[in-house]
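Remarks on the structure that follows.
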Amino acid sequence: MADYKIILAVTILIAVVNAQRPFYAGLSPIGYPAVEGGLITNRFGEDTPYPIDARGDGNLINRLNQLPVDNQPFWYLNWRQYEDFRRNPQNWPQRPNNFIGF
1 MADYKIILAV TILIAVVNAQ RPFYAGLSPI GYPAVEGGLI TNRFGEDTPY
51 PIDARGDGNL INRLNQLPVD NQPFWYLNWR QYEDFRRNPQ NWPQRPNNFI
101 GF
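Heads up, the sequence shown is in UniProt numbering, so the first residue is 1 and it goes up one at a time.
Structural data, given as structure tokens:
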């Protein structure tokens, strides 16, 4: 009798696991197609990193650079600060874990 219960439990377990994905959907998820990264990095031909608020206007950026820092708009100062953080990230050395030490 115990063998029947084990076989029944394993059969139910297999049925529940197989019911999570329908048979017609395949064995693995489709996901995203594999595309080479070089093909989609520069679609529009512009490599100059302008802030979104400048809307690609290089003359505006040049004029804002000529202004004193007190007169530059906040969105431009904020963009410059974030660009500096992206280029030079702050990294701290990792401390050894005291709980694993021997």
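Backbone N, C-alpha and C fix where the C-beta goes; we use that ideal spot for every residue, glycine too. Bear in mind the structure is a predicted one, so any value in this text is a computation, not a measurement.
Looking at the unbroken alpha helix (DSSP H) that takes in residue i, where does it start and where does it end?
i, result
"Leu-77", "74-87"
"Tyr-4", "2-18"
"Ile-61", "58-66"
Tell me whether the beta-carbon of residue i lies closer than 8 Å to the beta-carbon of residue j.
i, j, result
"Trp-75", "Asp-53", "yes"
"Pro-51", "Trp-79", "yes"
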